[in-house]
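The block underneath contains the structure these notes are about, expressed in structure tokens.
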DNA sequence: TTTGTAGTTGACCAGTTCGGTCAAAACAAG
DNA sequence: CTTGTTTTGACCGAACTGGTCAACTACAAA
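Chains as they are written, first to last, in the working numbering: chain D, 1 to 223; chain U, 1 to 223.
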């Protein structure tokens, strides 16, 4: 990321975030080719000229926000703890580590609500040559993260026959599901704010599921 | 659904399914306005002229496949048993009912792999006036289905403190997650068939999760 | 063989939308 | 004021849009 884009990077933070999030949302919803600059600048509340002034082309803009997103994801994985060790590694309990990740994920979801969807859809959109490798990198990162998560973990606390990896998977699907559910509920309610998500509501519901899972998958002596 | 569309309905089954599925996939992926007829007829492997010969307009085509999908969903809910009673109601055990629904869902997913995504996205796409009510109907149907599912069910078999509705929700998210996971795995594998899903693989993985959930959420005497 | 009919095609149409440009306006700081 | 930096939206040619239609195929009836 060279400083070709300094005109963009010198913008104030609110505007930058708005421009990034607009890209995440529109590209994430329609994909690269079907997402129009018009849609994006309307969402970001800037003029078309400005976007081309900052990035030069649609492709550059896409690559820029993709790289931005990838960096954020990497930071989330590396989770820069105080002493070089990822912060959540200090805990050895499954659900305590989970809490730590939850917190970081929530902050991210608050800053960039549509980044997840964008990252998911992006690799399948532009010329395969470039993105096949990026996709592989992402996959590798995900695997490493999972491996890290289980490193030095108190797996013995789970009941016999309960596979900790499956539990992590289940909870991950659960968190996605909870967000979706709240989102749909909001869309049904006409007086709710357009795309805002009440994360307190999300966390509250999510926690209910985690509690239920913990209570039944952990050995009684560790509850 | 009047017989204005008899030219379409007289087509052989394969062709009809192909045309329906193309609509489900393309509308489901891009939404009504961003999905082009060109995309759809290419996916369905028919000519543009034919599609307009069958349906007259893009809007008619969309409404037709939406109504088709809604009817299928309704049938899935009503689940026409032999004697008027939905077939799965014969069983009073949570997981036995689930098995019954799983089977029916798998058949549906095999016939119309992208119908779910289409149904989810459709109501937010065209003019709100028409679709707000449709959406409400869908919501009501879903609620009824859930109410039916819990009607005369052996809820006592669950451990104390386990909320059966949450378990159903969890399993539902789980099945979505499993399908996604297999799909991504296939996309990574370059030699796999483009959009085909190996449902045996899906079921096998899904069953693992259900077994784990059943084993830990049911009282021991009912295992 | 000829004729009639239903089904299918893709080149073509006019209108819109696309990514991208640019002259002018707005702004900032002397 | 001057000078330099941002920001704007009308505008451009090209691409794409939903929709049309004359020509064509397939096949059955006569």
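Even for Gly, the Cβ is constructed at its ideal location relative to N, Cα and C.
Keep in mind the model is a prediction, meaning the values are calculated, not measured.
Rounding to the nearest angstrom, what Cα-Cα distance links residue i and residue j in this structure?
i: residue 9 of chain U; j: residue 17 of chain U; result: 11 Å
i: residue 97 of chain D; j: residue 104 of chain D; result: 11 Å
i: residue 69 of chain U; j: residue 106 of chain U; result: 16 Å
i: residue 82 of chain D; j: residue 100 of chain D; result: Annotation note: pLDDT 47 at residue 82 of chain D (below 50); position unreliable, coordinate value reported separately. Roughly 14 Å between the two C-alpha positions.
i: residue 115 of chain D; j: residue 23 of chain D; result: 9 Å
i: residue 76 of chain U; j: residue 39 of chain D; result: 37 Å
i: residue 30 of chain D; j: residue 142 of chain U; result: 27 Å
i: residue 54 of chain U; j: residue 184 of chain D; result: 34 Å
i: residue 221 of chain D; j: residue 92 of chain D; result: 16 Å
i: residue 144 of chain D; j: residue 74 of chain D; result: 11 Å
i: residue 44 of chain U; j: residue 181 of chain U; result: 26 Å
i: residue 50 of chain D; j: residue 36 of chain D; result: 15 Å
i: residue 159 of chain U; j: residue 155 of chain D; result: 23 Å
i: residue 52 of chain D; j: residue 215 of chain D; result: 54 Å
i: residue 110 of chain D; j: residue 148 of chain D; result: 25 Å
i: residue 65 of chain D; j: residue 15 of chain D; result: 14 Å
i: residue 13 of chain U; j: residue 208 of chain U; result: 35 Å
i: residue 163 of chain U; j: residue 217 of chain U; result: 9 Å
i: residue 219 of chain U; j: residue 211 of chain U; result: 14 Å
i: residue 59 of chain D; j: residue 27 of chain D; result: 12 Å
i: residue 120 of chain U; j: residue 25 of chain U; result: 12 Å
i: residue 2 of chain D; j: residue 124 of chain D; result: With a pLDDT of 49 at residue 2 of chain D, under the threshold of 50, the modelled position of that residue is not reliable, and no figure is offered here.
i: residue 113 of chain U; j: residue 7 of chain D; result: 46 Å
i: residue 41 of chain D; j: residue 117 of chain D; result: 19 Å
i: residue 11 of chain D; j: residue 67 of chain D; result: 18 Å
Does the CB of residue i have a neighbour CB from chain U at under 8 Å?
i: residue 117 of chain D; result: no
i: residue 177 of chain D; result: yes
i: residue 34 of chain D; result: yes
i: residue 89 of chain D; result: no
i: residue 170 of chain D; result: yes
i: residue 217 of chain D; result: yes
i: residue 30 of chain D; result: yes
i: residue 157 of chain D; result: no
i: residue 73 of chain D; result: no
Are any of the Cβ atoms in chain D nearer than 8 Å to that of residue i?
i: residue 129 of chain U; result: Reliability fails at residue 129 of chain U, whose pLDDT of 48 lies under 50, so the model's placement of it is uncertain and no value is given.
i: residue 162 of chain U; result: yes
i: residue 82 of chain U; result: Since pLDDT at residue 82 of chain U reaches only 48, below the 50 mark, its modelled position is unreliable, and the value read off the structure follows with that caveat. It does not; no Cβ of chain D falls within 8 Å.
i: residue 222 of chain U; result: no
i: residue 209 of chain U; result: yes
i: residue 212 of chain U; result: yes
i: residue 166 of chain U; result: yes
i: residue 1 of chain U; result: Residue confidence is low: residue 1 of chain U scores 46 on pLDDT, short of 50, so the model does not pin down where it sits. No coordinate-derived value is stated.
Check each candidate in the options and name the one with the smallest Cα separation from residue i.
i: residue 122 of chain U; options: U/32, U/149 and U/52; result: U/32
i: residue 90 of chain U; options: U/161, U/153, U/120 and U/178; result: U/153
i: residue 201 of chain D; options: D/169, D/145, D/177 and D/4; result: D/177
i: residue 151 of chain D; options: D/159, D/161, D/165 and D/160; result: D/165
i: residue 169 of chain D; options: D/213, D/60 and D/19; result: D/213
i: residue 108 of chain U; options: U/119, U/72, U/171 and U/217; result: U/72
i: residue 174 of chain U; options: U/206, U/199 and U/157; result: U/206
i: residue 146 of chain U; options: U/94, U/119 and U/203; result: U/94
i: residue 47 of chain U; options: U/161, U/26 and U/19; result: U/19
i: residue 56 of chain U; options: U/4, U/42 and U/34; result: U/4
i: residue 199 of chain U; options: U/61, U/102, U/63 and U/118; result: U/102
i: residue 203 of chain U; options: U/171, U/6 and U/157; result: U/171
i: residue 157 of chain D; options: D/21, D/61 and D/223; result: D/223
The ligand ZN and residue i: does any heavy atom of the ligand fall closer than 7 Å to the residue's C-beta?
i: residue 48 of chain D; result: The ligand ZN is not among the ligands present in this structure, which contains no ligands whatsoever.
Which partner residues of residue i appear in the DSSP bridge assignment?
i: residue 218 of chain U; result: U/158
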